[in-house]
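Numbering (full-length UniProt numbering), first residue to last: 1 to 255.
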């Protein structure tokens, strides 16, 4: 399987974390399974079936909320996907459901975005390559960002701050940084993300461990540099959020 992550244009800062795309053998196994792990971004995904060099059609469009656990989903009916990892700033202009309504759920896009998504889905079906898809999504979300929607900008900044700290920050420190009481901060943060900030930060730290392993292959070094007390603590969190130990996860990822 070929898998690529692409950073978005600067115009999408605060809206989209990254794009991702993957392809595999068009005659792949019908019992293929997608292993989803915990994650702090909402994932908008379009799947395609490509046959030969020219024939490609859209199979599904879905959105997956913030995930506090892992899951397994059938992936044998498509052989190509295009993903958009959404940041909190993109949610209110795009979706008709709150983040809390989507957490740990995998829903068809029209259910969550209504008519707003119809044009995007139809135009995505007409694309045939990665550049077209990125251009389409960039135009779509740039246009959405101009809609005047009330959002908690302070908590959007708090999300950015937690990610910059790679999850190694306490609720007390967050509250002080953003001039709120811990209770006020927790209430407002949960309203934006659907999660309490302690759990959110814990998942961010798990995500940073996965990202760091791409550069550092020693699990002990990854654990310490990601802010864990020791390798055992890292492995326990990893199993909680992925369902398997990190040795097995990274072995599967490389295979």
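For glycine and all other residues, C-beta sits at the position ideal for the given N, C-alpha and C.
Kindly indicate the opening and closing residues of the beta strand (DSSP E) around residue 58.
-> 55-64
Looking only at C-alpha atoms, which of 78, 18 and 235 sits nearest to residue 138?
-> 18
Rounded to whole angstroms, what's the CA-CA distance from residue 208 to residue 249? Just pull it up for me.
-> Residue 208 and residue 249 have their alpha carbons spaced roughly 15 Å apart.
Nearest to residue 20 by alpha carbon, out of 44, 169 and 199?
-> 44
What residues match up with residue 33 in a beta bridge as DSSP calls it?
-> DSSP output for residue 33 lists 74 as bridge partner(s).
Using alpha carbons as the reference points, say which of 224, 190, 115 and 132 lies closest to residue 206.
-> 224
Neighbourhood of residue 155 by C-beta distance below 6 Å, restricted to the same chain and skipping five residues each side = 188, 189 and 192
DSSP state of residue 169, grouped into three classes?
-> The answer is coil: DSSP assigns residue 169 none of H, G, I, E or B.
Just curious, the beta strand (DSSP E) that residue 242 is in, first and last residue?
-> Not the beta strand (DSSP E): residue 242 falls in the alpha helix (DSSP H), residues 231-242.
Quick one: measure Cβ to Cβ for residue 141 and residue 158, integer angstroms, because I've assumed they're closer than 8 Å.
-> Not confirmed; about 21 Å, so no contact.
Residue 149 - containing alpha helix (DSSP H), residue span | It is not in any alpha helix (DSSP H) - residue 149 carries neither H nor E in the DSSP assignment.
For residue 133, is the classification buried or exposed, using 16 other Cβ atoms within 10 angstroms of its Cβ as the cut-off for buried?
-> It is buried - the Cβ of residue 133 has at least 16 other Cβ atoms within 10 Å.
What separation, rounded to the nearest whole angstrom, lies between the Cα atoms of residue 197 and residue 204?
-> 10 Å
Can you tell me the Cα-Cα spacing of residue 88 and residue 79, whole angstroms?
-> 29 Å
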